[in-house]
Amino acid sequence: MHRFVENLQKKREEREHGELKVHELEKAENLIVKLIQLDSFSSEHGKKLKSISVFKDERGILRVKTKLTERKDLENFKYPILLPSKHKLVKLLILYIERHWFLHHAGLHLLLTNLREKFWIINGRKTIISAISNCIVCKRHSTRAKGTISVSLPEDRIKETSIFDVVGIDLAGLLILKGGTKAWFSLYTCAVFRASHLELLTSLSTNCFLLSLRRCIARRGRPQVIYSDNGTNFTGAINLLKLYWKMIESEAVNRRITWKFNPPSACWWGGFWEHLIQSVKKILRRVLKNASLPYEEILSLLCKCKAIVNSRPLTYVLEDSDELQPITPCNV
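Under the UniProt record's numbering, the residue at position 181 of the sequence shown is numbered 181, and the numbers go up by one with no gaps.
Below is the structure:
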């Protein structure tokens, strides 16, 4: 609509055509935000804004002051745009325009953290819960997990160490590539900092798994301790791994991998990687459905899944505007 009005005021050869430009989308977004704020906040000193430090920028958009005003960073990060909680366009913004669909139907905390980079929604947690509760895709795949009694974490989960020094490994699938080829993915997760790494496999053989392990070591560094299930492929891997470390013993005398297998009857030992496997599978199910993609597209999708999982908050996301952004595995 803006382009149409502006084209009417220009000469024929100066008119814009084709796809919308970035500045046109930003201009339209700013206008929508101003209309939402005008419709919801009749006065800057209303009851809704008493507990929030708010100001108007040079474009007339209401923004929230945070503790990061001295940071040399993006304006939206320092001063997020203020939005109401019960506006229809805000729910559309959450579900389709901005985040929920783009993040492949991510959960509450990840979605709230992502939105905070640009917007400050009043009662954001309740607003997001209300918005995504009507998402058909999420309803179809969400289930309630049974509660369990909490126990003390083992030493390898809480000791001071570097990222990816203590790693949990698991294989998951099945993925069908274009042409009917089968594929799986291996998940490597840091037991302390909860960061994750994904590798695509076209076979469940020990050799294929070892190649993925070497790729992970080349990208993330060599771990000191590895936890895994007591699977036949992993049992064979540790035997071959002894030969592998003999070949590089001169370079890594002080860096050896201690491989620990979970007891066959204690499946809960692998809970810290099984939870992430579930998160990745949830994204893949909702995005792929029954589609079969080429190898490169599946690999790109796994990279996107890794970025989404590693951007989840590790702490509780508060409603207070004075609180800083929650830490995520990407920050480590």
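For each residue, glycine too, the CB sits at the ideal point set by N, CA and C.
So is Arg116 buried or exposed if we call it buried at 16+ other beta carbons inside 10 Å? buried
Own chain residues within Cβ distance below 6 Å of Glu297, not counting five before or after: Closer than 6 Å at Cβ, skipping near neighbours: no residue.
With DSSP collapsed to three states, give me the class of Tyr295. helix
Can you tell me which of the three DSSP states Val166 falls into? The answer is strand: DSSP assigns Val166 an E or B state.
Spatial neighbours of Pro80 in its chain, beta-carbon cut-off 8 Å, leaving aside the 5 residues before and after: Residues Arg63, Val64, Thr66, Arg116, Glu117, Lys118, Phe119 and Trp120 of the same chain have their beta carbon placed closer than 8 Å to that of Pro80, with the five preceding and five following residues left out of the count.
Among Glu58, Glu19 and His104, which one has its Cα closest to the Cα of Arg285? His104
Can you give the Cα-Cα distance for Lys182 and Trp101, rounded to whole angstroms? 27 Å
Those residues which DSSP pairs with Phe261 across a bridge: Ser228
Neighbour-count burial assignment, Glu249, 16 or more Cβ in a 10 Å radius: Note that Glu249 has pLDDT 38, beneath the 50 cutoff, so the model's placement of it is unreliable and the number below is only indicative. It is exposed - the Cβ of Glu249 has fewer than 16 other Cβ atoms within 10 Å.
Let me confirm a value: Leu35 is counted as buried when at least 16 other C-beta atoms fall within 10 Å, else exposed. Which label applies? Exposed is the call here.
Where do the N-terminal and C-terminal ends of the beta strand (DSSP E) with Glu199 fall, by residue? Ser196 to Leu201
Could you compute how far the alpha carbon of Ile169 sits from the alpha carbon of Gln325? One Cα belongs to Ile169, the other to Gln325, and the distance between them is close to 29 Å.
CA-to-CA distance, Cys303 to Gln224, given in whole angstroms: 25 Å
Counting C-beta neighbours from all protein chains within 10 Å, is the total for Arg312 16 or more, i.e. buried, or is it exposed? buried
Validate contact between the region 149-168 and the region 186-194 using beta carbons, cut 8 Å, 3 pairs: yes
Short check: CB of Leu314 to CB of Ile327, under 8 Å? yes
Opposite Arg63 in the DSSP bridges: which residues? Phe55 and Ile81
Got a sec, what are the start and stop residues for the beta strand (DSSP E) Ala183 sits in? Looking at the DSSP string, the run of the beta strand (DSSP E) that includes Ala183 is Lys182 to Cys190.
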